[in-house]
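If you count the sequence shown from 1, you need to add 67 to reach this note's numbering. Think of the CB as a built atom: it goes at the ideal place given N, C-alpha and C, for glycine as much as any other residue. One structure below.
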Amino acid sequence: MGDLPFSVWVLVPLNVFGPTWWARGAHEFADGRRPQAMAGPSRMLAGVVTLALLAGLLGGEEGPGSPHRPPYDVSCPAWTERHREFDDTRMADRERAFLCLVRDAGGPMFPDDESDQALLAYGRALCAQPNWKRTDEWLRSQDRTINMHGLDSALVFLCPDVIGGSDLMPSDEQMVKEEADYIAASNAACHDPWPKARARKQGTAAYFTSEGGGYHLADDADPDNQDGVERDYDGLLTAGETGVGIETTRETTVCVTVKAFGKAPPLRLKGWEEVAEVGVTSRSGRLTVPTMQPGGVEGAGRALPNLAIKGPGHYRVRVYARADEDAVSMLPAEWHLIVVYPGRSKKEVVHRSRD
């Protein structure tokens with residue numbers, strides 16, 4: 068075990084149990100009796116303790132894959148305290164380094180009573196996941212005792228080719244692939260909340276918001292829409308010159324479903340926390356939700372259709388919204404349904420609000 072000689076490990080249990088044996092002998096001498104060997108259950112207990120200690124010592128030499136290995140190894144400080152890196156760790160010690168790091172972290176993600184084999188299997192399963200999915204699983208575990216950098220610092224000892232080596236930086240190609248996988252998974256997590264209402268045009272996608280949250284539905288061919296539609300952060304909707312600004316509850320990923328009808332569809336309030344509508348004008352004949360561009364940080368995960376089905380003119384935009392305030396996930400935690408239909412009224416109507 069580590070750098071300590073075997074004799075030290077033999078003396079450790081003697082230091083613990085030795086005083087008990089010596090005290091017993093002194094007591095028997097004081098009574099005028101020769102110390103006798105422990106008999107009956109006492110002898111059996113001593114035998115069990117001795118065997119358990121020896122099993123622990125011998126088990127410690129079996130390697131980190133043993134399910135009977137003690138939860139702590141005296142060699143652990145090399146990684147948990149002195150922060151020995153992957154490049155400075157022998158191949159034979161890398162599994163041990165992983166176990167030391169994750170057991171040192173503790174918490175729901177890495178239960179203390181799990182065997183080494185179980186933790187190694189779990190670590191390899193995490194290695195097989197893209198970074199965003201590892202992050203999502205960490206968030207769902209609600210374990211805040213380890214951060215993602217700490218998790219990757221442990222996993223690098225199991226899968227350096229996946230995590231990225233001692234600098235923990237994946238390659239450019241890997242980052243591009245993981246981003247594409249994350250966008251695809253987010254889109255797949257979104258579904259049409261009103262599937263029975265077939266619109267003239269419709270689509271569903273995950274929308275990735277940037278700092279401050281929110282997004283807009285606007286005439287993307289209008290020169291005045293270069294900077295999008297400003298929002299006043301007071302209520303769900305803000306009418307602008309080229310479209311409508313839509314608020315989110317926080318900086319989050321939103322599932323957005325858009326539907327364009329030839330006339331006003333029925334009002335549906337059940338299951339929604341906020342419902343409001345305003346009038347907008349499209350001068351070019353386009354009303355769209357922005358699509359995220361390659362390398363961008365904001366926009367829909369896939370292209371959504373143009374909702375100005377009558378060309379240039381006046382439209383009503385009705386937005387339904389609900390959110391899971393307690394969600395801890397990388398995937399969407401807020402859902403919006405955007406309904407667009409021709410209409411000349413500019414009036415803002417709030418059908419339901421959080422207040």
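HIS258 is the residue among PRO262, ALA390, HIS258, THR316 whose C-alpha sits nearest the C-alpha of THR271. When only Cα atoms are considered, VAL345 and ALA394 end up about 29 Å apart. Rounded to whole angstroms, THR276 and ASP219 show a C-alpha spacing of 26 Å.
Residue nearest to ALA343 within the set PRO399, ALA375, LEU404 is LEU404 (criterion: CA-CA distance). Annotation for ASP180: no residue places its beta carbon closer than 7 Å to its own, counting only its chain and skipping 5 residues before and after. LEU186 carries a helical assignment under DSSP once its states are collapsed to helix, strand and coil. Between the C-alpha atoms of THR320 and PRO399 there is a straight-line separation of about 5 Å. In the DSSP assignment, the residues bridged to ALA327 are LYS268, VAL407.
Note that the region 260-271 does not touch the region 296-307; fewer than 3 beta-carbon pairs, one per stretch, sit closer than 8 Å. Cα atoms of VAL384 and GLY281: separation of roughly 16 Å, rounded to the nearest angstrom. Here DSSP, grouped into helix, strand and coil, assigns ALA388 to strand. The C-beta of GLN269 has 16 or more other C-beta atoms within 10 Å across all chains shown, which makes the residue buried.
In this structure, TYR387 keeps its C-beta atom at 8 Å or more from the C-beta atom of PRO409. Sequence-distant Cβ neighbours of ASN254 in its own chain, meaning closer than 7 Å and more than five residues away, are ALA272, ALA273, GLY368, ARG369. Residue environment analysis places ASN214 among the exposed positions, since fewer than 16 neighbouring C-beta atoms fall within 10 angstroms of its C-beta. Going by beta carbons, ARG267 and PHE328 fall inside the 8 Å limit. Burial state of PRO379 is exposed, judged by a 10 Å Cβ sphere holding fewer than 16 other Cβ atoms.
Here LEU186 really is in contact with VAL169; their C-beta atoms are around 6 Å apart, less than 8 Å.
By the beta-carbon neighbour count (other beta carbons within 10 angstroms, threshold 16), LYS326 is buried. HIS150 sits exposed, since fewer than 16 C-beta atoms from the chains shown fall within 10 Å of its C-beta.
Across the set LYS337, VAL356, TYR249, the C-alpha of LYS337 shows the shortest separation from the C-alpha of ARG419. The straight-line gap separating the alpha-carbon atoms of ILE376 and GLU204 is approximately 42 Å.
Per DSSP, the continuous alpha helix (DSSP H) segment holding GLU204 begins and ends at 198-208. Between SER182 and ALA159, the alpha-carbon positions lie close to 19 Å from each other. With fewer than 16 other beta carbons inside 10 angstroms of its own, SER412 counts as exposed. No Cβ-Cβ contact shorter than 8 Å links GLU240 with TRP199. Around the beta carbon of ASP140, 16 or more other beta carbons lie within 10 angstroms, which makes this residue buried. Boundaries for THR305: no alpha helix (DSSP H) harbours it, while the beta strand (DSSP E) harbouring it runs 304-306, taken from the DSSP string. Contact check for PRO332 and ALA264: beta-carbon distance about 6 Å, within the 8 Å limit, so the pair qualifies.
Linking SER142 to ARG161 through their CA atoms gives a straight-line distance of about 12 Å. Excluding its 5 nearest sequence neighbours in each direction, TYR249 has C-beta neighbours in its own chain below 6 Å: TRP199, listed in chain order.
The beta carbons of LEU371 and THR355 sit closer together than 8 Å.
Per DSSP, the unbroken beta strand (DSSP E) holding LEU284 starts and ends at 282-285. Annotated as proximal: THR315 and GLU401, with beta-carbon spacing under 8 Å.
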